[in-house]
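Visitor: Can you keep this structure in mind? I'll have questions shortly.
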Amino acid sequence: MKQKDFFLYAVMSVFLGMQGCASSSDIKQNVGPSEVAHTKQTLQIAGLKHCNNEGNDSIHLNPDEPLTIIVHGCFSSAGRFETLADVYGLYDQQAICFEYDDRKSLEDTSGELVAALNQLSTQNPNQDLHVIGHSQGGLVARRALTSEREDQQTVTAKKVQLTTVSSPFNGIEISSHCGITPLRILSLGIVDLICYAVTGEKYQQIPPNADFIEQPGELVASVSQHLVVKTDERNSCRKENDKGECIEDDYVFSVNEQSNNQVDDGVNTDLVTVKAGHVEIVGNGESVPTDLINILKQQKVLVDKSDINQQEQARLLQLLYSTPQESNL
121 MKQKDFFLYA
131 VMSVFLGMQG
141 CASSSDIKQN
151 VGPSEVAHTK
161 QTLQIAGLKH
171 CNNEGNDSIH
181 LNPDEPLTII
191 VHGCFSSAGR
201 FETLADVYGL
211 YDQQAICFEY
221 DDRKSLEDTS
231 GELVAALNQL
241 STQNPNQDLH
251 VIGHSQGGLV
261 ARRALTSERE
271 DQQTVTAKKV
281 QLTTVSSPFN
291 GIEISSHCGI
301 TPLRILSLGI
311 VDLICYAVTG
321 EKYQQIPPNA
331 DFIEQPGELV
341 ASVSQHLVVK
351 TDERNSCRKE
361 NDKGECIEDD
371 YVFSVNEQSN
381 NQVDDGVNTD
391 LVTVKAGHVE
401 IVGNGESVPT
411 DLINILKQQK
421 VLVDKSDINQ
431 QEQARLLQLL
441 YSTPQESNL
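Take the sequence shown: its position 149, counting from 1, is numbered 269 in our numbering, and each next residue is one higher.
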């Protein structure tokens with residue numbers, strides 16, 4: 121291959137590889153009932169906020185009830201998961217979001233999550249935590265809950281449940297060029313510059329051969345369950361035109377990219393594979409994430425404590441995902 125063609129191929133591959141995350145416009149905000157108004161405690165912890173993204177970093181919690189922390193993927197933000205948080209509110213449970221700079225190192229970001237979780241545990245040492253991460257957020261969430269971290273931080277919560285959804289634990293195949301050392305050397309730094317420009321500091325952590333991928337680490341003993349939800353995203357559709365024709369698919373990661381034997385074989389790890397698109401699984405603003413809700417219920421990480429019957433719940437869920445709200449982003 122000619123050198124010119126070689127570099128053109130590398131450039132195009134890296135840019136195409138950046139499709140490996142849900143964009144901020146893909147998860148639509150919606151208006152829904154929020155139960156967090158009935159709270160007893162106000163805290164300010166870096167990175168943690170309510171998912172409505174209204175600019176107020178204070179969180180209001182009931183310290184006597186379990187807490188779910190939602191970790192978004194790249195090109196997204198806490199505000200894009202407002203409706204998913206409201207789903208927890210519908211079931212009389214509380215959920216907040218962890219917001220971070222998706223261009224930073226995944227190691228550094230996961231360290232920020234550790235610090236946030238530990239501050240929560242300092243305030244409420246007996247509170248059970250459930251961390252749920254989507255896409256890249258799953259990589260961040262799991263790394264935060266591993267033992268023997270490079271920064272020596274360890275999550276101190278007594279009981280944690282972890283759920284990861286559509287997360288590329290086996291690396292992002294199309295970003296492989298960012299992890300090939302000879303290619304980076306021969307390009308005289310051009311590949312590094314391109315990879316950094318598109319993905320930020322994490323560009324050497326997402327290829328399949330990256331240490332971050334090949335050495336995922338073991339979870340701390342306080343993690344009682346790791347629920348791994350993989351999505352078979354083939355033939356999925358994110359957007360249709362007025363004729364019902366698909367104009368944008370919802371395929372981001374293959375099941376293989378989501379499958380890492382060291383992760384799958386971990387202690388207290390449960391695997392579920394569902395036929396769903398990458399954004400569809402968490403709700404695309406037009407359809408209710410029924411599959412994910414049912415999985416969380418079956419695994420008892422989403423426990424229905426409300427007095428609302430199933431028919432009314434279905435109606436309210438549909439209302440959550442059909443009432444548009446102007447974006448705050």
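Even glycine gets a Cβ: it sits at the ideal position worked out from N, Cα and C.
The model shown is predicted, which means the values in this text are computed figures rather than measured ones.
1. Quick one: using the 10 Å Cβ neighbour count with 16 as the cut-off for buried, is V275 buried or exposed?
2. Do you know whose CA, among R223, H398, G231, V191, lies nearest G257's CA?
3. With burial defined as no fewer than 16 other Cβ atoms inside 10 Å of the residue's Cβ, what is the status of V423: buried or exposed?
4. May I have the straight-line CA-CA distance separating G386 from E338, to the nearest angstrom?
5. Going by beta-carbon coordinates alone, are R358 and E400 separated by less than 9 Å?
6. Starting from R354 and walking both ways along the alpha helix (DSSP H), at which residues does that stretch end?
7. Beta carbon of L347: closer than 8 Å to some heavy atom of the ligand SAM?
8. Quick one: what does DSSP say F218 is sitting in, helix, strand or coil?
9. In terms of residues, what are the limits of the alpha helix (DSSP H) holding S230?
10. Within its chain, find whatever has a CB closer than 6 Å to the CB of L437; leave out the 5 residues flanking it on each side and keep chain order.
11. Distance, Cα to Cα, F201 vs V280?
12. Compute the Euclidean distance between the alpha carbons of Q161 and L347, then round it to the nearest angstrom.
13. Take the Cβ of K350 as the centre, count every other Cβ of all protein chains shown within 10 Å, and call the residue buried at 16 or more, exposed below.
14. When the Cα of S286 is compared with those of V343, N414, V402, L204, which residue comes out closest?
15. According to DSSP, which residues form a beta bridge with D390?
16. Using a Cβ-Cβ cutoff of less than 7 Å, which residues in the same chain neighbour S230 once the five nearest sequence positions on both sides are dropped?
17. Count the C-beta pairs between the region 214-231 and the region 174-193 that are closer than 8 Å, then say yes if the count reaches three, no if not.
18. Just to confirm my understanding: we take Q123, look at its own chain, exclude 5 residues before and 5 after, and list those with CB closer than 8 Å. What are they?
19. By the 10 Å Cβ neighbour count, where 16 or more other Cβ atoms means buried, how is S178 classified, buried or exposed?
20. On the DSSP bridge assignment, give the partners of T283 in chain order.
21. Using alpha carbons as the reference points, say which of P245, G291, V383 lies closest to P183.
22. With a threshold of 8 Å, are at least 3 pairs of Cβ atoms found where one atom belongs to the region 234-252 and the other to the region 328-336?
23. In the DSSP output, what is S178 paired with across the bridge?
24. Assuming E377 and S225 make a contact with CB atoms under 8 Å, what is their CB distance in whole Å?
25. Around the C-beta of S267, are 16 or more other C-beta atoms found within 10 angstroms, so that it is buried, or is it exposed?
26. Drop a sphere of 10 angstroms on the beta-carbon of K169, count the other beta-carbons inside from all chains shown, and report buried for 16 or more, exposed for fewer.
Guide: The structure says:
1. buried
2. The residue from R223, H398, G231, V191 with its alpha-carbon nearest to that of G257 is V191.
3. It counts as exposed.
4. 7 Å
5. yes
6. Counting along the chain, no alpha helix (DSSP H) covers R354, and no H or E run does either.
7. Ligands are entirely absent from the displayed structure, and the ligand SAM is therefore not among its contents.
8. strand
9. 226-243
10. Counting only Cβ-Cβ distances below 6 Å, and skipping sequence neighbours, we find V408.
11. 21 Å
12. 29 Å
13. buried
14. V402
15. L347
16. V260, R263, A264
17. yes
18. With a pLDDT of 43 at Q123, under the threshold of 50, the predicted position of this residue should be treated as unreliable, and no value is reported.
19. exposed
20. I252, L347
21. P245
22. no
23. S178 is bridged to Q164.
24. Contact doesn't hold; Cβ gap of about 20 Å is too wide.
25. exposed
26. buried
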